[in-house]
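A.B. asks: What the sequence shown shows, in mature numbering (1 follows the signal peptide of the UniProt record, and there is no 0), is residues -24 to -1, 1 to 415, in sequence order.
Before we start, here is the structure in question, set down as structure tokens.
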Amino acid sequence: MKKSIVALLLIGLSILLISCSADSLDKTFIVDKDFAESDVRFISIDTFTVEMSTIKLDSVITSGGNKLLIGQYTDPVFGKVTSSAFMTFIPKTYTISEEAVFDSIVLSLKYDGYFYGDTLRPKTVLVQKLSKELKLGPQQTAFYNTSEVPTFSPILASKTFNPRISKDSLTLKLDPVFGKDLFDKFRGGTIRTDEDLKEFFKGLKLFPGADENASLIAFKGANSFIRMYYSKPDQPNDKKTFLQLEFDSKDTGAKSFNQIIGDRSGTPLSGLLPQNKSLSSTALDNLSFLQGGAGIAAKVRFPHIRTISQINGGKGHVFNAKMKIKLSQAYYTNKLYLSDSLQVFVVDGNNNIINEYIDSKGKKIKASVAKQDKEFNEVFLILPVDVFLQKIINEGNYLEYGLLVLPYSSQYGNRMVLNGEHNPEYSSNLKVIYATYDK
């Protein structure tokens, strides 16, 4: 007997309410003509094999944003993480009076509010001048966590401080010899254009102290600036005028980036292979790992999901499917905190990113972190996979594909440790609701 689509879905949802938790019902299910005109059964399956692993991306894009990430800390799992920021500036004006007298030069960095690590420990920020222009190559579209731009060896500034994230900004006094030379070139007319400026001042590198073990701190590039203070003979002694060089936002893709380096020697991740090789969770004590700017990502595959099509002669559809992955409390603290959500990509058999993971309407599908047992403080990562599983069933090349999970680009320092599929504490699992239909 023919039924309307609405009636079928109501019946299906009623059945699911009996056998499934409510979190498995939040989705839109698109039915085809055969499905709409058939009797429908919903089957819950949680026995499919899942393969979890960890990969190291060759590089991660870190340019094109507004975050300058500076700092260093040593993580017991991920090793030493070091981040340096590279940036360029342009002045608001090129005009300085010939009677002006140089006073001082400072760099002001606006706090972004983002941090990762122990902010109670003192930090050091050092500054060097770039010796080469921060410029994309002919075939280059971005800068990466592995990019490098050479600098002159003299230190223009060094400041050790206790971070105050809630405050407005951090100010560093730059080398007055550097400041006076730059000031004289403006005042004398040697620097009159952006191109003139690049001949003498190509930008700055901001980096942490070599022995630092504290935190990663972010500053807002667009709200950071250099000021050259000067005085004029016709103004009071206590009054200073300034020329301001601002963050160059004309082409953010080429005007700033963060270099993020990980030293994983002596850690469980020291054996990470090139991007085209995955390290299984079983080889990592039944754990999988991810870390934003360092390019460490968790990968999930479903090698046998196609056998589901043997049910009812292939007359069926993945109605709902979610991965539930527990996060061990041993690997996160208030200082090394968890992200609320993670981005997800589709990757091929060689771990090349194919595209972002999206639904039928083009909306990005993300993985979410949820506390599901407040009494025991249990935290889980929930990854919707129904769209991907149906792709594997329908499209031949998807069988070797997987889903890659990692923090969003705005959370370069964030890291996470996931229980693997055979973890004795709580094995990650896949629950599939499969809808079958008969005419």
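Where is the CB? At the ideal position from N, CA and C, for every residue including glycine.
Fair warning: this is a prediction, and the values are worked out from it, not measured in the lab.
Which whole-angstrom value describes the C-beta separation of Ile330 and Val322, a residue pair presumed to lie in contact below a C-beta threshold of 8 angstroms?
C.D. replies: Residue 330 sits at position 354 when you count from the first residue of the sequence shown. Residue 322 sits at position 346 when you count from the first residue of the sequence shown. The Cβ separation is near 5 angstroms, so the contact holds.
A.B. asks: By a C-beta neighbour count over all protein chains shown, 10 Å radius and 16 as the cutoff for buried, is Ala306 buried or exposed?
C.D. replies: Stepping through the sequence shown from its first residue, residue 306 is reached at position 330. Answer is exposed; the Cβ neighbour count stays below 16.
A.B. asks: Check Tyr374 in the structure and name its three-state DSSP category.
C.D. replies: Position 398 of the sequence shown, counted from the first residue, corresponds to residue 374. Here Tyr374 sits in helix by DSSP.
A.B. asks: Quick check on Ser317: does DSSP put it in helix, strand or coil?
C.D. replies: If you number the sequence shown from 1, residue 317 lands on position 341. Strand, per DSSP.
A.B. asks: Gln116 by DSSP, collapsed to three states: which one?
C.D. replies: For the purposes of this step, residue 116 is taken as the residue at position 140 of the sequence shown. It is coil, neither helix nor strand.
A.B. asks: If I measure Cβ to Cβ from Pro279 and keep anything under 7 angstroms in the same chain, skipping five residues before and after, which residues do I get?
C.D. replies: Stepping through the sequence shown from its first residue, residue 279 is reached at position 303. Answer for Pro279: Thr25, Glu27, listed in chain order.
A.B. asks: Expressed to the nearest angstrom, what Euclidean distance is found between the alpha-carbon atoms of Asn405 and Ser145?
C.D. replies: Numbered from 1 along the sequence shown, position 429 holds the residue referred to as residue 405. Numbered from 1 along the sequence shown, position 169 holds the residue referred to as residue 145. Whole-angstrom Cα-Cα distance: 46 angstroms.
A.B. asks: Measure the CB-CB distance between Ile236 and Arg163 and report whether it falls below 7 angstroms.
C.D. replies: Residue numbering aside, residue 236 sits at position 260 when the sequence shown is read from its first letter. Residue numbering aside, residue 163 sits at position 187 when the sequence shown is read from its first letter. No, these two residues do not count as a Cβ contact at 7 angstroms.
A.B. asks: What first and last residue would you give for the alpha helix (DSSP H) that runs through Asp160?
C.D. replies: Within the sequence shown, residue 160 is the residue found at index 184, counting from 1. Taken as a continuous stretch (DSSP letters only), the alpha helix (DSSP H) holding Asp160 covers 152 to 163.
A.B. asks: How close, in whole Å, do the beta carbons of Phe356 and Leu314 come, if the pair is a contact with beta carbons under 8 angstroms?
C.D. replies: For the purposes of this step, residue 356 is taken as the residue at position 380 of the sequence shown. For the purposes of this step, residue 314 is taken as the residue at position 338 of the sequence shown. Phe356 to Leu314, Cβ: 11 angstroms. No contact.
A.B. asks: Give a yes or no on whether the C-beta atoms belonging to Thr147 and Val57 are separated by under 7 angstroms.
C.D. replies: For the purposes of this step, residue 147 is taken as residue 171 along the sequence shown, with counting starting at 1. For the purposes of this step, residue 57 is taken as residue 81 along the sequence shown, with counting starting at 1. No. Outside cutoff.
A.B. asks: So who's on the other strand from Asp414, going by DSSP bridges?
C.D. replies: On the sequence shown, position 438 is the one that residue 414 refers to. Asp414 is bridged to Asp15.
A.B. asks: Which residues in the same chain have their Cβ closer than 8 angstroms to the Cβ of Leu375, if we skip the five residues on either side of it in sequence?
C.D. replies: To locate residue 375, count along the sequence shown from 1; it is residue 399. Within the same chain, Leu375 has close Cβ partners Pro279, Arg282, Ile368.
A.B. asks: For the candidate residues Ile409, Ala190, Leu248, Phe218, whose alpha-carbon lies nearest to that of Val101?
C.D. replies: Stepping through the sequence shown from its first residue, residue 101 is reached at position 125. With distances taken between Cα atoms, Val101 lies closest to Ala190.
A.B. asks: In whole angstroms, what is the alpha-carbon distance linking Ala270 and Asn390?
C.D. replies: Here residue 270 corresponds to residue number 294 of the sequence shown, with the count starting at 1. Here residue 390 corresponds to residue number 414 of the sequence shown, with the count starting at 1. Spanning the two alpha carbons is a distance of roughly 10 angstroms.
A.B. asks: Can you name, in chain order, every residue of its own chain whose Cβ lies under 8 angstroms from the Cβ of Pro126, other than the five neighbours on each side?
C.D. replies: Here residue 126 refers to the residue found at position 150 when the sequence shown is read from its first residue. Around Pro126: Leu106, Ser107, Lys108.
A.B. asks: What are the start and end residues of the alpha helix (DSSP H) that includes Glu354?
C.D. replies: Along the sequence shown, read from residue 1 onward, the residue named residue 354 stands at position 378. First-last for Glu354: 354 to 360, but that is the beta strand (DSSP E), not the alpha helix (DSSP H).
A.B. asks: Just verifying my parser: in three-state terms, what is the DSSP assignment at Ile409?
C.D. replies: Position 433 of the sequence shown, counted from the start, is the residue given in the question as residue 409. Reduced to three states, the DSSP call for Ile409 is strand.
A.B. asks: Rank Leu260, Asn296, Asn399, Gly238 by C-alpha distance to the C-alpha of Asp51 and give the top, closest one.
C.D. replies: Taking the first residue of the sequence shown as 1, we reach residue 51 at position 75. With distances taken between Cα atoms, Asp51 lies closest to Gly238.
A.B. asks: Distance check for Lys298 and Val393, CA to CA, integer angstroms please.
C.D. replies: For the purposes of this step, residue 393 is taken as the residue at position 417 of the sequence shown. For the purposes of this step, residue 298 is taken as the residue at position 322 of the sequence shown. Taking the straight line from one Cα to the other gives about 19 angstroms.
A.B. asks: Which same chain residues, not among the five before or five after Gln211, have their C-beta less than 8 angstroms away from its C-beta?
C.D. replies: Numbered from its first residue, the sequence shown carries residue 211 at position 235. Result list for Gln211: Thr217, in chain order.
A.B. asks: DSSP on Phe364, reduced to helix/strand/coil?
C.D. replies: Taking the first residue of the sequence shown as 1, we reach residue 364 at position 388. The answer is helix: DSSP assigns Phe364 an H, G or I state.
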